[in-house]
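This report refers to the structure that appears directly beneath it.
2 protein chains.
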Amino acid sequence: MTETSELCRLDRRKRAVVEAARALFIEQGFERTTLGDIVDRAGGSLATLYKVFGNKDGLLEAVVFEKAVSGADIIDSSVAGGGSPAQILHRIAEDLHAYFLDPEVVSLVRIVIGRSISDRDFVRRFFERTATRTQSALTTVLSVWQAEGVAMHGEPEALAEIFLDLIVSDLHAEAISHGLGLRHSSDRLRARTEFFLTGAKITDR
Amino acid sequence: MTETSELCRLDRRKRAVVEAARALFIEQGFERTTLGDIVDRAGGSLATLYKVFGNKDGLLEAVVFEKAVSGADIIDSSVAGGGSPAQILHRIAEDLHAYFLDPEVVSLVRIVIGRSISDRDFVRRFFERTATRTQSALTTVLSVWQAEGVAMHGEPEALAEIFLDLIVSDLHAEAISHGLGLRHSSDRLRARTEFFLTGAKITDR
DNA sequence: GCAAGGGTGTAATCACTATTACACCTTCGC
DNA sequence: GCGAAGGTGTAATAGTGATTACACCCTTGC
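Residue numbers (the numbering used here), protein chains in the order written: chain A, 380 to 584; chain B, 380 to 584.
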């Protein structure tokens, strides 16, 4: 079987459908988007969509998990940049914030929350791949610092949780309030990271 | 109010419908609850429901805004209890937390978020009555303390925001993750309040 | 008691949309 | 070119559920 050509065609179709679906879900929400809308936008046919994704829920799954990236990679690469704990935390804060406030991510989160009422398992899998993993990555970073002799007040896990709450809370707020006049300036972010450093009694050097 | 007799019949009906609707919305979500379900549970008739609430959206509005209490009252009564700033903040934290983690409140928030995609105005009004008002109440409290000479590091408004993020973030997490193994112990709450006091450099007398 | 008007129960209406079925094309290896 | 395998377009199917219409039954003020 020379599947390359087969997969290629199918794959292109798949991708086009997922992309159209994502755009429409973000724009109008999951329930309000009809499969007809999606096919109109993506081209192709309803029959193919059903063959590939099974049903509408399967399509949502494909859309969501394509974008469900954990912040762990962001944290790791921020750490790799080197510097003092304070410098690294400032960098992590900025990078995470930028990622989590990406409008597409926010919209997807909003959709996932909406579905959480009827499908708990779905939302569990989503957050295991995103929030949970991000938190353990940060916990690890703090633990390592602690082992290296960096002074800090509190358990790494609890501190990681607090830090993420301070930084990512804007994602929650955005997802919840739909951009209700939040100011997420760079200064504000720096101030919060400083607040964290003070609260955790992490002294730079 | 001597109108009891007149209002009584209609009012009783109204209340029964709102109550049934709330229970069902919380249980199954807004979209999955049919007006038939509600009438079955509340008694009465579909015709009355339409006469009183106009349509399904009107009913949701009635349900949500009945429970949309701001945390401002909670804050005010915590303050009225007296004590040092630290003591008061600990009390506020506990009371707010208890209120915001009430399963009914969490479920309603989840529903509101779900609707936010299609109806921004609705969610705006909801959060203006709840979160926004809570935050200004706390800002006022901190400002007063500051004026009275309590040392603190940072603007009252920014600090109020941070405090609420630290304390109420569990509401977000609950609403978002649908109770994905969160531990919200009393110790954890106290630790976070302590963290806040340290970060804000508020010294207790 | 008794009309009148509000409340009730039921049965349409009406629109919508996921899902399936099916008969026609396209592509692609040969 | 050719013949499948797979893709496409369109038209059912089918279930749902908001909304409306309407004919009945209470309550209630007289």
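Quick reminder that beta carbons are idealized off the backbone N, C-alpha and C, glycines included. From a predicted model like this one, the values you see are computed outputs, not experimental measurements.
Please report whether the beta-carbon of residue i lies at a distance below 9 Å from any beta-carbon of chain B.
i	result
Asp-544/A	yes
Ser-384/A	Confidence at Ser-384/A is low in this model, with a pLDDT of 44, below 50, so the placement of that residue should be treated as unreliable; the coordinate-derived value is given next. Chain B, which has no Cβ nearer than 9 Å to the Cβ of Ser-384/A, makes this no.
Ser-556/A	yes
Phe-340/A	The shown model of chain A, from 380 to 584, leaves out residue 340/A, and the question about it has no answer.
Ser-548/A	yes
Leu-533/A	Note that residue 533/A is Gly in the sequence shown here, rather than Leu. Yes, Gly-533/A counts as interfacial toward chain B.
Gly-408/A	yes
Phe-575/A	yes
Arg-569/A	no
Leu-389/A	no
Ala-395/A	no
Ala-537/A	yes
Thr-381/A	For Thr-381/A, the predicted model reports a pLDDT of 33, less than 50, meaning its position is unreliable; a value from the coordinates is still stated below. Cβ-Cβ to chain B under 9 Å: no for Thr-381/A.
Around the Cβ of residue i, are there at least 16 other Cβ atoms within 10 angstroms (buried) or fewer (exposed)?
i	result
Leu-568/B	buried
Ser-486/B	buried
Arg-494/A	buried
Glu-540/B	buried
Thr-518/A	buried
Pro-464/B	buried
Gly-433/B	exposed
Leu-520/B	The amino acid at residue 520/B is misidentified as Leu; the sequence shows Val. Buried, since its Cβ has 16 or more Cβ neighbours within 10 Å.
Pro-535/A	buried
Ala-399/B	buried
Asp-566/B	exposed
Val-523/A	exposed
Glu-385/B	Here the model assigns Glu-385/B a pLDDT of 45, short of 50, so the residue's position is not dependable and the matter cannot be decided.
Hey, is residue i's beta-carbon within less than 9 Å of any beta-carbon in chain A?
i	result
Thr-413/B	no
Lys-580/B	yes
Ala-552/B	yes
Ile-417/B	no
Ile-541/B	yes
Could you work out which residue in the options is closest to residue i when comparing CA atoms only?
i	options	result
His-551/A	Arg-571/A, Val-488/A, Ile-467/A and Val-502/A	Val-488/A
Phe-574/A	Ile-555/B, Ala-537/B, Ser-548/B and Ile-546/B	Ala-537/B
Phe-404/A	Arg-391/A, Asp-436/A, Ser-564/A and Ala-426/A	Asp-436/A
Val-547/A	Ala-579/A, Ser-457/A and Leu-480/A	Leu-480/A
Gln-525/A	Ile-467/A, Ile-581/A and Thr-413/A	Ile-581/A
Arg-508/A	His-469/A, Glu-473/A, Val-443/A and Leu-475/A	Val-443/A
Val-458/A	Gly-450/A, Ala-451/A and Ile-467/A	Ile-467/A
Ala-472/A	Gly-450/A, Ala-395/A, Gly-423/A and Arg-391/A	Gly-450/A
Ser-424/A	Phe-501/A, His-532/A and Ala-395/A	Ala-395/A
Glu-445/B	Ala-579/B, Arg-504/B, Leu-545/B and Gln-514/B	Arg-504/B
Phe-542/A	Ala-510/A, Glu-553/A and Phe-506/A	Ala-510/A
Thr-513/B	Leu-414/B, Val-448/B and Val-484/B	Val-448/B
Leu-545/A	Leu-475/A, Phe-501/A, Gly-408/A and Ala-530/A	Leu-475/A
Gly-533/A	Glu-406/B, Arg-571/B and Gly-461/B	Arg-571/B
The ligand FMN heavy atoms versus the CB of residue i: any closer than 8 Å?
i	result
Ser-457/B	This structure lacks the ligand FMN, and indeed carries no ligand of any kind.
* Along the stretch 487–504 of chain B, what residues have a CB closer than 9 Å to any CB found in chain A? -> Val-488, Arg-489, Ile-490, Val-491, Ile-492, Gly-493, Arg-494, Ser-495, Ile-496, Ser-497, Arg-499, Val-502 and Arg-503
* Taking only runs of the alpha helix (DSSP H) that begin and end inside the stretch 465–530 of chain A, which ones reach a length of at least 4 residues, in chain order? -> 482–495, 499–506 and 512–526
* To do: Note down, in chain order, all residues in the stretch 504–525 of chain A with a beta-carbon under 9 Å from any beta-carbon belonging to chain B.
  => Phe-505, Phe-506, Glu-507, Ala-510 and Thr-511
* Asked: Listed from N- to C-terminal order along the chain, which residues in the stretch 421–434 of chain B have their beta-carbon within a distance smaller than 9 Å of any beta-carbon of chain A?
  -> none
* To do: Would you list, in sequence order, the uninterrupted alpha helix (DSSP H) runs of no fewer than 4 residues that lie entirely inside the stretch 387–425 of chain A?
  => 414–421
* **Residues in the stretch 433–463 of chain A having any Cβ partner in chain B nearer than 8 Å** => none
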